[in-house]
Amino acid sequence: MKTLAIIIAFTLTSFISHAQDSLQTHTVSVTVENPLNAKGHVLIGLHTADTFMKAEALQNRKVKVTDGKAIATFNNLKPGNYAVMVVHDENDNSRMDFEANGMPKESYGMSNNLILMGPPNFNDAKFELKADTEISIRF
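All the letters of the sequence shown, read from the start, carry residue numbers 1 to 139 under the UniProt record's numbering.
This is the structure:
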């Protein structure tokens, strides 16, 4: 009987501990350190697999370049997989502009600082959020 009580107590403690972990939220701080100039704004989007490469991100920030950097913070995030996409919107039209051949006109980057020869995918850009995280992105 004593063993059964210990097993039940341990199981409940584990369950409560896990439930508390799932309630914790974290912060992602994003720094873009090399925008080409201070024109327009830098658009920074935090994405899940469901929102990646779509117009609407989980959370968006529109920030000015200050002292050669653009910095944004995303708060109250549950643990999980996320990706960050960044565009230097020099002409302030709130979207990425493309050349006639499909190549981007404006600088862009994403988490994991991928160098791509085609469209990015979530699995290449994702990071696992387990604690407060700082990400540096370069164009």
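Note that the Cβ used here is the ideal one computed from N, Cα and C, for glycine as well.
What is the rounded straight-line gap between the Cα of residue 30 and the Cα of residue 95? About 19 Å.
Can you give me the C-alpha to C-alpha distance between residue 115 and residue 91, rounded to a whole angstrom? Cα to Cα, the separation comes out at about 24 Å.
DSSP three-state call for residue 43: helix, strand or coil? In the structure shown, residue 43 adopts extended strand secondary structure according to DSSP, grouped into three states.
What are the complete beta strand (DSSP E) segments, minimum 3 residues, inside the stretch 33-106? Counting whole runs of 3 or more residues, the stretch 33-106 contains the beta strand (DSSP E) stretches 41-47, 59-63, 70-77 and 80-89.
Give the C-beta separation of residue 113 and residue 138 to the nearest angstrom, bearing in mind that I take them to be a contact with Cβ-Cβ under 8 Å. Taking a contact as a CB-CB distance under 8 Å, the pair residue 113 and residue 138 counts as one, their CB atoms being some 6 Å apart.
For residue 114, name the three-state secondary structure that DSSP assigns. Annotated three-state conformation of residue 114 is coil, per DSSP.
Is DSSP giving residue 139 helix, strand or coil here? Looking at residue 139 - three-state DSSP - the assignment turns out to be coil, as it is neither helix nor strand.
Are residue 72 and residue 65 close, meaning C-beta to C-beta below 8 Å? Going by C-beta atoms, residue 72 is not nearer than 8 Å to residue 65.
List the endpoints of the continuous alpha helix (DSSP H) containing residue 123. Counting along the chain, the alpha helix (DSSP H) containing residue 123 begins and ends at 122-125.
So, for residue 46: in the same chain, excluding its five sequence neighbours on each side, which residues have a beta-carbon less than 7 Å away from its beta-carbon? Beyond the five residues adjoining it in sequence on each side, residue 46 comes within less than 7 Å, by CB distance, of 28, 57, 58, 59, 74, 82 and 84 in the same chain, given in chain order.
Pick from 38, 54, 43 and 50: whose alpha carbon is nearest that of residue 67? Looking at the Cα atoms, 38 is the closest of the given residues.
Between the alpha carbons of residue 128 and residue 48, how many angstroms are there, rounded? Roughly 11 Å between the two C-alpha positions.
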